[in-house]
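In what follows, a structure is listed as C-alpha cells, so that the remarks can point back to it.
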Amino acid sequence: MRVLICGAGQVGYGIAERLAAEENDVSVIDTSPELIHALRDTLDVRGFVGHGAHPDSLAQAGIEQADMIIAVTLYDEVNMVACQVAHSLFNVPTKIARIRAQSYLKPHWSDLFSSSHLPIDVIISPEVEVGEMVLRRLQLPGAVDTVRFANGDVVAVGIECHEDCPVVDTPLSQLTELFPDLQAVVVGVVREGRLFVPRSSDSMLVGDLVYVVCHKDQVRRTLSIFGHDEQVAHRVVIAGGGNIGLYVAQTLEARGAKARVKIIEATRDRAVTIADQLKRTVVLHGSALDQDILREADVQEADTLVALTNEDEVNILACVMAKRLGCRRNMALINNRSYPSFTRSLGIDATVNPRAVTVSRILQHVRRGRIRGVHTIENGLAEVIEAEAMETSPLVGKPLRELDLADGMRIGAVYRNGNVIIPNGDTQIAAKDRVVIFAMAERVRQVEQMFRVSLDYF
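The opening position of the sequence shown corresponds to residue 324 in the numbering used here, with each subsequent residue numbered one higher.
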C-alpha cells in the first residue's frame with residue numbers, strides 16, 4: 324500500500340514507523356527540515372520538506388500514486404485542506420485527518436465532512452480517543468489497559484499479577500478446570516520486558532502483565548480472580564484542565580456518574596474558562612506539584628489522581644506525590660515512549676499514551692481485509708485485532724484445533740449475531756463472524772491475509 328503522511332510529529336512518526344516496518348510504501352511531508360531529516364535517518368521512508376496542503380508539495384511527495392493520505396499535522400485546517408486537495412486534484416481513495424477542535428465535531432455540523440463538502444473518510448479526534456481511554460480506566464481501576472471490541476461486548480484488559488494474585492503459578496490449562504464458566508482467554512503475557520503468547524502449560528508469575536480477552540459481563544470477575552477487587556473511582560482529582568481533562572470531567576457529569584471531581588489547573592484564565600463550562604466539578608487554580616494545592620483538592624482522600632497535563636514529568640511527579648499523600652490510585656498521561664518501562668517502579672498504577680491511542684485508531688483503517696478494530700500493545704510489539712471472517716477465509720468451517728495457526732497468534736473471542744463465544748478446540752468460525760485475535764507484530768500481516776476479501780490469496 325502506498326501511503327502519504329502529512330506531519331512528521333509524534334503521531335506521524337509513529338504511523339510511519341509501523342507502516343514502514345510492514346513493508347508499505349510510505350512518504351512523509353512536513354514543513355520542518357529537522358523532523359524530516361530525523362525521519363529519513365531512522366526509518367525506511369521517503370521524507371519531503373513542504374506544506375501538507377499545497378498541491379505542488381503533495382505532488383512532489385507522490386500523491387498521484389497514493390492509496391491513502393493520513394493528515395496528522397498540528398493544525399486542523401491544514402489537515403482538512405490536505406484531504407480536500409488530495410480528493411479534488413489527485414483522486415486519492417482514502418483520506419484520514421486528525422481534527423482536534425471540538426467545534427468541528429459537533430453533531431449539528433456533521434454534514435461538513437461529507438463527500439460533497441470536505442471529503443474526509445475517517446476523522447480522528449485525539450482528545451476524545453484519549454479521554455475515552457481514561458474513562459474506561461476509571462471504570463476498571465484494577466486494569467492497566469482496557470479496550471472494547473464487538474460493539475462493546477468483548478473487552479481486552481491488561482492485568483498485573485501481584486504477590487497476592489490467587490492464580491500465580493497455575494498452568495493456564497488448570498484455569499479452565501477451576502473456573503469452567505469463566506468467559507475469558509489469556510492471550511498475551513509480558514514478562515521482564517518480553518511479550519509472548521502463552522501455551523496452555525505456561526503459568527503466570529509474580530510481576531507478569533497479562534492480557535485477557537473476555538465477555539464484558541465477566542471483566543470484574545476476571546479482575547477479581549487475578550486479585551484485583553478495586554472499586555470504581557468515586558472521588559477523582561484531575562491534574563490539568565486542558566482539552567482532555569475538560570472532556571473527562573464533562574463526560575463524567577453528562578453520564579450522571581456519582582464521581583466527585585476536582586480539577587487542578589495551572590493557568591488562571593484556563594481555570595476560569597473551564598469552571599464556567601462545568602456544573603458540579605470543582606476547579607482549583609494552582610500547580611499539581613504543590614502539596615498545599617493537592618491537599619486542598621483532598622487528594623489524600625481521593626480514589627484516583629489522573630494527571631493529564633502537557634508535561635510528562637509533571638504527570639509522573641504529581642502521581643508520585645499524590646500516592647505519598649494517601650491517594651489510593653493514580654494514572655498518568657505520558658507521551659515519551661521510554662517512560663512507561665519504569666513508571667511501575669515509581670508506584671504509578673496506569674499510563675495512557677496519546678500517540679499509541681491515536682496510532683491504534685488509524686491502523687484500524689490502514690489494515691487490509693475486513694478489519695473493524697485495532698489496539699496496539701506494548702509500543703507496537705503486538706496488536707489486538709477485531710476482523711470479520713469472509714466465506715473465503717481459511718478460518719471458516721473447521722474446528723479451531725484443526726487450524727494451523729502460527730505461533731504468536733491467539734483467538735480470544737468470536738462475536739456471532741450479537742452473542743459472544745469464548746472459543747475452545749471445538750469452536751468453528753462461520754462466515755460473517757467477528758473474530759477478536761491477539762497477534763504479535765510479525766504476525767499481523769498473516770492476520771490481514773486471513774481476513775482478506777479477495778480470493779487471490781487462497
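Each residue gets a CB set at the ideal place from its N, CA and C atoms; glycine is no exception.
The model shown is predicted, which means the values in this text are computed figures rather than measured ones.
Check                                                                                               : Outcome
Burial state of His360 (16 or more Cβ within 10 Å)                                                  : exposed
Three CB pairs or more closer than 8 Å across the region 502-516 and the region 764-771             : no
Simplified DSSP assignment, three categories, for Met403                                            : helix
For Val784, the residue or residues it bridges with in DSSP                                         : An answer regarding residue 784 cannot be provided, because it is not within the stretch 324 to 781 covered by the chain.
Leu723 versus Asp749: straight-line alpha-carbon distance, rounded                                  : 6 Å
N-terminal and C-terminal residue of the alpha helix (DSSP H) that Asn566 is part of                : 566-577
Pair within 7 Å by beta-carbon distance, Leu640 and Ala620                                          : no
Inter-residue spacing [alpha-carbon to alpha-carbon] between Ile671 and Tyr427                      : 35 Å
6 Å Cβ shell around Asp476 - same chain, five flanking residues per side excluded                   : Lys539, Val743
Alpha carbon of Pro430 to alpha carbon of Phe502, nearest angstrom                                  : 45 Å
Integer-rounded CB distance, given that Ala594 should sit under 8 Å from Gly564                     : 6 Å
Residues sharing a beta bridge with Ile328, DSSP                                                    : Val351, Ile393
Paired residues, beta bridge with Arg583 - DSSP                                                     : Arg558
Backbone CA spacing between Gly481 and Met456 [nearest angstrom]                                    : 13 Å
Per DSSP, the bridge partner or partners of Lys418                                                  : Ile392
Where Ser777 falls: helix, strand or coil (DSSP)                                                    : Residue confidence is low: Ser777 scores 48 on pLDDT, short of 50, so the model does not pin down where it sits. Its coordinate-derived value is still stated next. Three-state DSSP puts Ser777 in coil, outside helix and strand.
Residues that Asn653 bridges to, as DSSP identifies them                                            : Leu628
Length of the line joining the Cα atoms of Ala598 and Ile587                                        : 11 Å
Straight-line gap, Leu628 to Leu458 (C-alpha atoms, nearest Å)                                      : 13 Å
Uninterrupted alpha helix (DSSP H) stretches inside the region 433-471 (no shorter than 4 residues) : 449-462
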